[in-house]
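Data block below; observations after.
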Amino acid sequence: MSTLNEQFRQSSPLFGGNAAFIEELYESFLTDPESVSDNWRQYFRNLQAQTEGARDVAHGPIRDSFAQLALQPQAGVGRVQVLSPAAAEKQAAVLRIINAYRNRGHKAADLDPLRLRDRPPVPELDPGYHGLSEADMDTLFNTGSLAAPSQWTLREILDLIRDAYVGTIGSEYMHINETEEKRWIQKRLEGQRARLDLSTKERRGLLRWLMAAEGLERYLHTRYVGQK
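Following my numbering, the numbering of the sequence shown begins with 232 at its first residue and continues without gaps.
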């Protein structure tokens with residue numbers, strides 16, 4: 232027990248809460264060994280002796296040097312852009328409206344060629360709903376996961392997502408759990424801007440396939456009621 236108590240007594244100044252104090256003493260010792268008391272000087276010398284000849288250096292000047300380097304622009308080294316709170320909120324709003332079109336765009340898609348009813352309003356698709364205005368239209372924003380260049384103006388972003396999600400095709404897919412599958416769909420909807428350059432012959436062929444599918448569905452519903 233006396234040996235254990237002696238170990239506690241000898242190591243108690245090294246308790247973690249005193250780390251800053253010990254480091255400051257050690258820095259002073261490295262700069263001028265005579266600036267610390269005899270006990271600490273002997274302790275630090277013993278500590279250095281255990282490093283087999285390797286000589287430590289004061290950390291303070293090194294930290295100060297790196298702090299000064301961080302303040303100086305370095306050629307060829309990229310700097311992280313720090314956004315103001317207002318700019319950060321605008322950027323977040325852009326990402327929100329992109330997500331809104333992916334989730335709710337099909338609600339406003341033009342699916343009624345006969346114009347028998349008006350398309351329902353979807354407030355989330357309005358830039359103003361997200362705090363964006365005409366003044367932001369020519370501002371560059373990061374596009375996130377949008378199938379587009381990494382930065383685009385808000386005007387270009389809106390043109391793309393409107394073409395992709397509120398045209399004559401309604402795309403509802405955000406309920407899919409697999410992220411990879413959703414990204415695959417997004418890439419094809421947004422990357423091609425949802426515009427298929429089809430000839431008249433191709434359009435008629437697609438129409439025939441759609442009519443055949445519709446006819447088969449109606450037949451199955453009539454022939455096997457409740458079984459499809």
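Ideal Cβ placement from N, Cα and C applies to all residues, glycine included. Here the structure is a predicted model, which is why all the values come from computation and not from measurement.
Item, Value
"Residue nearest to Glu-254 in terms of C-alpha spacing, selected from Phe-275, Asp-357 and Glu-265", "Phe-275"
"Contact under 7 Å by Cβ, Gln-339 with Leu-363", "Residue identity check: residue 339 is Ala in the sequence provided, not Gln. Going by C-beta atoms, Ala-339 is not nearer than 7 Å to Leu-363."
"Buried versus exposed, by CB contacts within 10 Å (16 or more), Trp-383", "buried"
"CB-CB length for Glu-421 against Ala-443, believed under 8 Å", "Contact doesn't hold; Cβ gap of about 30 Å is too wide."
"Extent of the continuous alpha helix (DSSP H) run through Leu-212", "With the chain covering 232 to 459 only, the question about residue 212 has no answer from this structure."
"Classification of Leu-391 by the beta-carbon crowding that lies within 10 angstroms, buried from 16 upward", "buried"
"7 Å Cβ cutoff, Asp-341 in contact with chain D", "The chain labelled as chain D is not found in the depicted structure, where only one protein chain is given."
"Integer Cβ distance of Gly-398 from Asp-343, believed to fall under 8 Å", "Their Cβ separation, rounded to whole angstroms, is 13 Å, which puts Gly-398 and Asp-343 out of contact at 8 Å."
"Pairwise C-alpha distance: His-406 and Ser-381", "25 Å"
"Secondary structure of Thr-384, DSSP reduced to three states", "strand"
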